[in-house]
Amino acid sequence: MGKNIWGIILASGCSTRMGRPKLLLPYKGKSII
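Mapped onto the numbering used here, the consecutive letters of the sequence shown carry residue numbers 9 to 41.
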């Protein structure tokens with residue numbers, strides 16, 4: 009039987025309006041990464 013492999017690809021650009029990468033912006037009190 010094969011193994012299940014799971015992954016998430018995070019793709020985001022730099023936010024010029026916010027002044028920092030979107031993945032570092034707070035979401036529900038925490039950054040995405």
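Note that beta-carbon positions come from the ideal geometry of N, C-alpha and C, so glycine has one too.
For clarity, every value in this text was computed on a predicted model and none was experimentally measured.
The beta carbon of Gly-15 is closer than 8 Å to none in its chain, skipping five residues each way along the sequence.
One thing to note: Ser-20 has its Cβ within 9 Å of the Cβ of Lys-30. Straight through space, the alpha carbons of Leu-18 and Arg-25 are spaced by roughly 20 Å. According to the DSSP secondary-structure assignment, Arg-28 is paired through a beta bridge with Ser-23.
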